[in-house]
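Colleague: For the sequence shown, our numbering assigns the number 3 to the initial residue and increments by one for each residue that follows. I have a structure here, written as structure tokens, and I will follow up with some questions on it.
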Amino acid sequence: MRALRVVGLDDDGTSVICEDPVRGERYTIPCDERLRAAARGDIARLGQIAAETDVQMRPREIQARIRAGESVDQVAAAAGLPTHRIERYAYPVLLERSRTAELAQRAHPIREDGPDVQTLGEVIAHSFGLRGQDYSAGHWDSWRGEDGKWIIQLHWQAGRSENRAHWTFHPGAHGGTVSPIDDHAIDLLDPSPNRPLRTVRPVTELARQALELEHQAQAHTAAQAQPTPAPAPVVPEQAPEPPAARPHPRSGRTGRLEPTGQR
């Protein structure tokens, strides 16, 4: 490896000019962050720059995708990198999402007459208790939507169905407010015990209904396909024949009957 001698900067000050003292050939090195870190002897910064150079997805893009709701595994798959290369940039954003989900539970649901006195967490915990659900088994998460607003999600399991409810979180004074987005979120804000949570019906129930509808359709089709018997021919009613005419007596003389034995 040849040792070069620093001559100075180029005219625009963006590159360092070095010279080979043996051959007299000159070279230029860009004045970038890597050169500055090397000049300072900052080994840690040099390693970070090398990692950022190898990453196909920029750190800002990684954090933007994590903030929009993607997981570390999803971003790693999209970038074609192992998860540990993504976690270092995703970690602070994941903390932000977790913190926002905690704050949203202290917000007040919007009712028809204004914000509720109770917080979102208190209302949902009461609603779960009335329905026999385990509130502590639910998992909270948050992310920023396309409009920049925070979306809060509660995920829980009821029987064999996976359920998710979503609200829009508006940070503000006294904890801020939340507005329901979907039917599950509306159901959870209604503490009526006579109103069960909407859950996904089992596939077997849906299949049974589909079979019943199919059988009904087949029966209807078969009924339409049967030929309709032709109507019996109408025989015209014949008029009754007139009685036979009695013969009229012949004109002229008639024979006389003579007594038997007389000539």
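Heads up, the beta-carbon is just placed ideally off N, CA and C, and yes, glycines get one too. Note that the structure is predicted; figures quoted are calculated from it, not measured.
Could you check what DSSP says for L97 in three-state terms: helix, strand or coil?
Modeller: helix
Colleague: Give me the residue from G177, L11, V24 and Q218 with the minimum Cα distance to H110.
Modeller: G177
Colleague: Give the secondary structure of L6 by DSSP, where H, G and I count as helix, E and B as strand, and everything else as coil.
Modeller: In this structure, L6 counts as coil in the three-state DSSP scheme.
Colleague: Is DSSP giving E89 helix, strand or coil here?
Modeller: helix
Colleague: Distance check for G147 and A78, CA to CA, integer angstroms please.
Modeller: 21 Å
Colleague: Starting from V180, follow its DSSP beta bridges and name the residues at the other end.
Modeller: P111 and F171
Colleague: Can you tell me whether G43 is helix, strand or coil according to DSSP?
Modeller: coil
Colleague: Over what stretch of residues does the alpha helix (DSSP H) that includes L156 continue unbroken?
Modeller: From DSSP, L156 is part of no alpha helix (DSSP H) but of the beta strand (DSSP E) over W152 to A160.
Colleague: Considering only their Cβ atoms, is the gap separating S144 from I153 smaller than 8 Å?
Modeller: yes
Colleague: Using a Cβ distance threshold of 8 Å, determine whether the stretch 85-94 contacts the stretch 105-119, with at least three qualifying pairs required.
Modeller: no
Colleague: For L11, does the three-state DSSP call read helix, strand or coil?
Modeller: strand
Colleague: Would you call L11 buried or exposed, if buried means 16 or more other Cβ atoms sit within 10 Å of its Cβ?
Modeller: exposed
Colleague: I want to check one thing, is the minimum distance from the CB of A70 to the heavy atoms of the ligand FMN below 7 Å?
Modeller: Of the ligands one can find in the structure shown there are none, so the ligand FMN has no counterpart to examine.
Colleague: Would you kindly work out how many angstroms separate the C-alpha atoms of Q28 and R62, rounded to a whole number?
Modeller: The sequence shown places Arg at residue 28, rather than the Gln named in the question. Looking at the two C-alpha atoms, the distance is approximately 37 Å.
Colleague: If we ignore side chains and look at the alpha-carbon of each, how far apart do M3 and G26 end up?
Modeller: Whole-angstrom Cα-Cα distance: 16 Å.
Colleague: Return the Cβ separation of L37 and V125 in integer angstroms, given the expectation that the two are a contact with Cβ distance under 8 Å.
Modeller: Rounded, the Cβ-Cβ distance is 58 Å, inconsistent with contact.
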